[in-house]
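K.L.:
Sharing a structure here in structure tokens format.
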Amino acid sequence: MKEKVKITGVPETMIQTLYARAKETQKNNAKIKDDIAVGIVEKLDYDFSKADNDKTMASGVIARTIVLDKMVGEYLDTHSDTVVVNIGCGMDTRCYRMQGKYKHWYNIDLPETIEIRKRFLTENGPVYQIAKSAMDISYTDDIEYNKENVLVIIEGLSMYLHENDIRQIFSIIEKAFNKSTVMIETMSPFFVKHMKEKSIEGSNAKFSWGVKNGKDLQQIVPAFNWKRDVSLVEGMKEIMPVYNVLGIIPAVCGMSNKIVVMER
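For the sequence shown, UniProt numbering gives the first residue as 1, with consecutive numbering after it.
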């Protein structure tokens with residue numbers, strides 16, 4: 001029997017991104033492999049028709065999965081004993097693709113999101129779930145931390161927040177960990193203003209914050225040093241070869257979502 005999931009607003013985006021990864025995995029020339037996503041989608045009683053029509057969202061999800069898997073994998077390969085803090089995890093399954101490369105992995109999201117996640121993914125060491133907001137400083141009390149390397153991943157979340165939320169999230173990270181690397185997905189202010197996600201039009205999830213690049217983000221969170229920006233165009237090149245040409249155009253890279261790497 002299939003499981004009915006009732007969810008709206010920003011948490012609903014996690015079902016759409018899960019579906020995009022499952023759908024891509026089942027293609028003959030799949031650019032990512034997420035069999036866990038396929039298994040969960042098969043168990044869901046949910047209307048995916050809007051997601052099927054939202055090709056832009058699906059491409060963006062696959063592009064960022066390609067880019068972040070590469071970046072996270074490379075980081076973990078060169079930093080042993082890392083504690084990973086995955087903020088706004090939704091139904092993300094990267095912790096399974098990176099298995100054996102980290103010391104602990106903490107998936108953090110709102111209580112209603114973690115409640116759904118727990119129905120399909122039982123996690124109890126070295127992967128853990130924390131049912132708290134990224135703006136709730138107490139989530140760090142649930143993290144076992146002994147001055148290890150800390151990698152914080154913030155994927156598919158910042159564009160639904162406000163600048164003060166971003167400051168709060170980084171302030172919590174700054175206070176909790178001696179040193180940390182943050183990989184945060186950001187959207188350009190232009191797209192925040194002009195783009196809508198068809199797949200969640202019925203919900204109250206709306207894009208509300210963007211930043212041009214990591215240097216601008218550093219102005220907002222000066223305790224962190226900007227290291228680099230990786231455009232999601234790098235992932236799009238693998239999905240659609242035409243991006244090898246389009247990616248040369250500065251405006252295309254400039255307006256594309258980015259993974260910004262910040263360090264403290």
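Where is the CB? At the ideal position from N, CA and C, for every residue including glycine.
The structure presented is a predicted model; accordingly, all values stated were derived computationally and were not measured.
1. Can the beta-carbon of I154 be found closer than 7 Å to that of I184?
2. I62 and K31: beta carbons closer than 7 Å?
3. Give me, in chain order, the residues of the same chain whose beta-carbon lies closer than 6 Å to that of D77; leave out the 5 immediate sequence neighbours on both sides.
4. Could you check whether G100 and M14 sit closer than 7 Å to each other, using their CB atoms as the reference points?
5. Who are W226's beta bridge partners in DSSP?
6. Got a sec, what are the start and stop residues for the beta strand (DSSP E) L151 sits in?
7. DSSP on H194, reduced to helix/strand/coil?
8. Give the C-beta separation of V72 and W105 to the nearest angstrom, bearing in mind that I take them to be a contact with Cβ-Cβ under 8 Å.
9. Following the continuous beta strand (DSSP E) through N107, name the residue where it begins and the one where it ends.
10. So N86 is in the beta strand (DSSP E); what residue range does that whole segment cover?
11. Out of curiosity, what's the CA-to-CA distance linking L246 and V230?
12. Do M255 and S188 have their CB atoms nearer than 7 Å?
13. For I239, I'd like the list of residues in its chain whose CB is within less than 7 Å of its CB, leaving aside the five on either flank, ordered along the chain.
14. I need the straight-line Cα distance from V67 to K2, nearest angstrom please.
15. Taking C-beta to C-beta, are L161 and T181 nearer than 7 Å?
16. Which of helix, strand or coil does DSSP assign to V182?
17. Which class does Q99 belong to by DSSP, given the choice of helix, strand or coil?
18. May I ask you to report which of helix, strand or coil DSSP gives S231?
19. Where do the N-terminal and C-terminal ends of the alpha helix (DSSP H) with V15 fall, by residue?
20. Rounded C-beta distance between A223 and I169? I'm assuming under 8 Å.
21. If you reduce the DSSP assignment to three classes, tell me which class V221 lands in.
22. From the DSSP secondary-structure annotation, give me the bridge partner or partners of Y128.
23. Determine, using beta carbons only, whether N178 and K132 come nearer to each other than 7 Å.
24. Determine the DSSP secondary structure at L44, reduced to helix, strand or coil.
25. From D109 to K50, what distance separates their C-alpha atoms?
P.N.:
On the basis of the coordinates in this document:
1. yes
2. yes
3. none
4. no
5. M262
6. V150 to I154
7. helix
8. Between W105 and V72 the Cβ distance is about 10 Å, and since that is not below 8 Å, they are no contact.
9. H104 to D109
10. V83 to I87
11. 15 Å
12. yes
13. K31, S59, I62 and A63
14. 32 Å
15. no
16. strand
17. coil
18. strand
19. According to the sequence as given, residue 15 is Ile; it is not Val. Note, I15: alpha helix (DSSP H), T13 to T25.
20. Not really, about 12 Å apart at Cβ, beyond 8 Å.
21. coil
22. Y106
23. no
24. strand
25. 24 Å
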